[in-house]
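Colleague: Take this structure first; my questions come after.
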Amino acid sequence: MTSGTKLPKIEGTTPFDGDQAKKGYALNKMCFSFNSAECRAEFLKDEEAYMRKYDLTEPQAAAIRAKNVLQLIAAGGNAYYLAKFAGIFGLDMQDIGAQQTGLTKDEFKAKLVAAGQ
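Start counting the sequence shown at 416; every next residue gets the next number (the working numbering).
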């Protein structure tokens, strides 16, 4: 979807549409770079310099510093690319899901199990 196309509002979600893709291009490009072990090491050596290399906006950089997935999504982050960033810190998709729902990881896992029954 592109600018001008209105998606229905779903409380608590940020749809990843064309506007979000444009907004988050630099952030997602940086997170994609984390497929490379060398890039992950470079990021961990100097996070601020690495973020400057990709010209992140201040809200994007603040969300990276906070390791806050909801802020990253609001800043244009795509969940699949953000998973690359989260992996650097040993976080998995269940950690991300827990952040998104405001639950602990154990509570989120229990919710997943209960939904599958």
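Using N, Cα and C, we set each Cβ at its ideal position, and we do this for glycine too.
Can you confirm whether ALA489, when its beta carbon is compared against all beta carbons of chain D, has any partner nearer than 7 Å?
Modeller: Looking at the structure shown, chain D is missing, and only one protein chain is on hand.
Colleague: Report the rounded CA-to-CA distance for ALA477 versus ASP470, giving the unit in angstroms.
Modeller: 13 Å
Colleague: What is the rounded straight-line gap between the Cα of PHE449 and the Cα of GLY505?
Modeller: Put simply, the backbone Cα of PHE449 is about 13 Å away from that of GLY505.
Colleague: How about LEU442 and GLN486: do their beta carbons lie closer than 7 Å?
Modeller: At the C-beta level, LEU442 and GLN486 stay beyond 7 Å of one another.
Colleague: Exposed or buried, TYR495, counting other C-beta atoms within 10 Å across all chains shown (16 or more means buried)?
Modeller: TYR495 should be labelled exposed.
Colleague: Could you check which residue in GLY433, GLY517, GLY439, THR519 has the C-alpha nearest to that of THR472?
Modeller: GLY439
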